[in-house]
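Numbering-wise (the working numbering), the sequence shown opens with residue 7 and increments by one.
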Amino acid sequence: QVQLVESGGGLVQPGGSLRLSCAASGIMFSMFTMGWYRQAPGKERELVASIDSSSRTIYADSVKGRFTISRDNGKITVYLEMNSLKPEDTAVYYCNARLVPSVYYWGQGTQVTVSS
């Protein structure tokens, strides 16, 4: 059974930092491209960042220079370090594991709220 369990969300003031974690089980983690997506109220889910099996990364323009995605294959975990957070970063953040376009899994999501 595949499980992706996110943690690390919460309430933070503008300019603050959070680190999200996604612990995976039931997959050959090192083979998967891991991604973080987010969905704000009334908006579509969007890619925030991804890291493939060779640790090549992709970032949305809106988070470049502020967010860093990383993976630890030994701990079967992917991280999203978020700095200089803005109110517009408020969303539910979802972990995604993708092997090929037709084989992918989602976590349950973790809420990130940036507000003073």
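Just so you know, even glycine gets a beta-carbon here, dropped at the ideal spot from N, CA and C.
Since the structure is predicted, the reported quantities are computational estimates derived from the model, not experimental observations.
{"Asked": "Nearest to L53 (by Cα), restricted to the options Y65, P47 and S60", "Found": "Y65"}
{"Asked": "Cβ contact check for the segment 61-80 and the segment 101-110: 3 or more pairs under 8 Å", "Found": "no"}
{"Asked": "Separation of L105 from T119, as counted between CA atoms", "Found": "30 Å"}
{"Asked": "Exposure label - M40; buried when at least 16 CB within 10 Å", "Found": "buried"}
{"Asked": "C-alpha gap between Q19 and V109, whole angstroms", "Found": "37 Å"}
{"Asked": "Residues that DSSP places opposite M40 in a beta bridge", "Found": "I57 and A103"}
{"Asked": "Simplified DSSP assignment, three categories, for D95", "Found": "helix"}
{"Asked": "Whole-angstrom C-beta distance between G16 and S27, which should lie under 8 Å", "Found": "With a Cβ gap of about 12 Å, S27 and G16 do not count as contacting."}
{"Asked": "First and last residue of the uninterrupted beta strand (DSSP E) at A46", "Found": "Per DSSP, A46 belongs to no beta strand (DSSP E) and is neither H nor E."}
{"Asked": "Option nearest S61 by Cα separation, candidates T74, A97, D67 and K70", "Found": "T74"}
{"Asked": "C-beta contact flag for I33 and V8 at 8 Å", "Found": "yes"}
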